[in-house]
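K.L.:
In my numbering, the protein residues as written are 20 to 399.
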Amino acid sequence: MTQKLSQQEVLRYSRHLLIPQVGLSGQQKLKDANVLIVGTGGLGSPISLYLAAAGVGTIGLVDYDVVEDSNLQRQVIHSTKKIGIPKVASAKQYLEDLNPFVKVETFNEMLTAENVERIGQNYQIIVDGSDNFSTRYLLNDYCVFHKKTYVYGSIFRFEGQVSVFDAQQGPCYRCVFPTPPPPGVVPSCGEGGVFGVLPGTVGTFQATEVIKLILGLDSNPFGKLYLYDAIDLSIQTIQLRKNPNCKICGTHPDILTLQDTEFFCEIHDQETPSPEEWGWSVQQLKASIDSGNNIRLIDVRDSIEREVVLIPNSENIPYERINSEMFTDGNVPVVFYCRNGIRSGRVVQKLRNSGFQNIFNLIGGTNAWVREIDPESFLY
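1) Going by DSSP, what residues sit across from residue 173 in a beta bridge?
2) May I have the straight-line CA-CA distance separating residue 314 from residue 306, to the nearest angstrom?
3) Going by C-alpha to C-alpha distance, which of 270, 128, 177 and 390 sits closest to residue 81?
4) According to DSSP, is residue 339 part of a helix, a strand, or is it coil?
5) How far does the beta strand (DSSP E) with residue 28 in it extend, from its first residue to its last?
6) To which residues of the same chain is residue 291 closer than 7 Å at the C-beta, ignoring the five residues directly before and after it?
7) What residue does the beta strand (DSSP E) around residue 253 start on, and which one ends it?
8) Does the beta-carbon distance from residue 154 to residue 162 come in below 9 Å?
9) From residue 358 to residue 125, what distance separates their C-alpha atoms?
10) Buried or exposed for residue 59, please, with buried defined as at least 16 other CB atoms from any protein chain shown within 10 angstroms of its CB.
11) Quick one: what's got a C-beta closer than 8 Å to residue 24's C-beta in the same chain, skipping five residues either side?
12) Please return the same chain residues whose Cβ sits closer than 8 Å to the Cβ of residue 331, not counting the five positions on each side in sequence.
13) Helix, strand or coil: how does DSSP classify residue 195 here?
14) Helix, strand or coil for residue 284 per DSSP?
15) Just verifying my parser: in three-state terms, what is the DSSP assignment at residue 62?
16) Can you determine whether any heavy atom of the ligand FAD sits closer than 8 Å to the C-beta of residue 165, and answer yes or no?
17) Taking three-plus beta-carbon pairs below 8 Å as touching, is the segment 62–71 in contact with the segment 142–159?
18) Rounded to the nearest angstrom, what separates residue 197 and residue 312 at their Cα positions?
19) If distances are taken between C-alpha atoms only, which option among 190, 342 and 355 comes closest to residue 373?
20) Would you call the segment 174–185 and the segment 214–232 in contact, with 3 or more CB pairs under 8 Å?
21) Taking 8 Å as the limit between beta carbons, can you name the residues of its chain near residue 40, skipping five residues before and five after?
22) What three-state label does DSSP hand residue 124 in the structure shown?
23) If you count every other CB in all the chains shown that lies within 10 Å of the CB of residue 228, and 16 or more means buried, which is it?
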């Protein structure tokens, strides 16, 4: 049963009520709306803050992570005091303090094909605040199957993208991006970085699209991809068309059930280089260096990361430039490293799969090196 706006709410939202396109009836639509936000990080922070402030009646939050120091440069819904607690709990407290008239539902779990039906069933608009392709494709597919609207957003360094997808009225995400990229082709925010204010801008764009959808302010919000560049503050609009050959919403779809797609985007556990066989510990590397052993140490990070911390006597070959023709499988061991062992692990896996044997991954990367060998250097 619809709950009418109270006197307190009318006062709270009075600036909305003065706008002809919103008014009392529009504010009631916001109160009656149910929106699910997947991710309470860089994008999820401004999305949830502005939707709660605007008076969206029920907001669902999905995240399985906890608040960390490195989040606070951009995830403004969290604070230093919240480090170590679940992000959904931190965000829920902030939103309820901001607007006690909003109901906040939390799901402290990873979104999967097994639970997305349960989590998403009571929400008509699904907003993507995630940072991985697995979740992105799962959300799109779920929205296609259940005729829901998917508000997409993504960020990387200084650039962001926003679009509204609804397969009933326009293209879906797979119409534009049919399959996830191969592992390692697109760095995550943790690997490539993100300009601190960028998610604030992009997330606010997403929140704007959600509110417009609820109020019906745009007669045709679908089929547009907005590209934002924070360097010159430019926005490009690309017109999108429905793909009749789309694997999920086309004339003859071949995706008929929900599936998790992390195997396209991540390294499988069974594919991850074995620490025993393919890995060197930082202690092993330090002992080898101190003994004067002949080794080749290669840093696969971007050069800018070496300004933060580097391991002495290493050469820099960024991840995207490495190929098997650069190496010979000789007697000198080659040890690759990055910040945490993920990018370098992918390199080692690729080279090992190409037949190289004397190739190794530094377990834990520079962060392990700093923690255990060189505490005077920086963790990041």
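Note that CB positions come from ideal geometry on N, CA and C, so glycine has one too.
P.N.:
Let's see:
1) 180
2) 12 Å
3) 128
4) helix
5) Not the beta strand (DSSP E): residue 28 falls in the alpha helix (DSSP H), residues 26–31.
6) Caution applies to residue 291, whose pLDDT of 48 falls short of 50 and renders its modelled position unreliable; the value that the coordinates give is listed next. Excluding sequence neighbours, residue 291 sits near 364.
7) 253–258
8) no
9) 32 Å
10) buried
11) 32, 43, 46, 47 and 50
12) 308
13) helix
14) With a pLDDT of 41 at residue 284, under the threshold of 50, the modelled position of this residue cannot be trusted; read the value that follows with caution. Note: residue 284 maps to helix in three-state DSSP.
15) coil
16) The ligand content of the structure shown is nil, which means the ligand FAD is not present either.
17) yes
18) 48 Å
19) 342
20) yes
21) 234 and 236
22) strand
23) buried
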